[in-house]
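Engineer: Okay, handing you the structure first.
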Amino acid sequence: MAEDGPGSSGMRTLHHVGWVLFTLALGVMSAEKKESEGGNEGEEEEEEEEEEKKKKKKKKKKKKKKKKKKKKKKKKKKGQIYR
């Protein structure tokens, strides 16, 4: 990339900004292409899959909470004290 030295940080930031804009443009183009080809059918399926994953995660979290119950304290036996 850019050489290390005075003024090189500006080139690095410009390159980074350009790369970010490029990747965003690619994302927008691919989204538009999907809409023109398949419509919203694919997105609905993906949303359903995400909802199922969230439900599974919630179930797992509930199971973990059940496992983390507090232990009961043992009572000390009252009796004679040996000296």
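Under mature numbering (1 follows the signal peptide of the UniProt record, and there is no 0), residues -30 to -1, 1 to 53 are what the sequence shown spells out, in order. Each residue gets a CB set at the ideal place from its N, CA and C atoms; glycine is no exception. Every value quoted in this text rests on a predicted model; they were computed, and no experiment measured them.
1. Could you give the first and the last residue of the continuous alpha helix (DSSP H) run that contains G(-13)?
2. Helix, strand or coil, according to DSSP, for K40 in the structure here?
3. Can you tell me whether K47 is helix, strand or coil according to DSSP?
4. To the nearest angstrom, how far is the alpha carbon of M(-30) from that of G(-13)?
Structural biologist: So, to answer that:
1. That run of the alpha helix (DSSP H) goes S(-23) to G8.
2. The answer is coil: DSSP assigns K40 none of H, G, I, E or B.
3. DSSP places K47 in coil when its eight states are reduced to three.
4. Reliability of the predicted coordinates at M(-30) is poor, the pLDDT of 47 falling under 50, and the value obtained from them is presented with this limitation in mind. Going by the C-alpha atoms only, they are around 13 Å apart.
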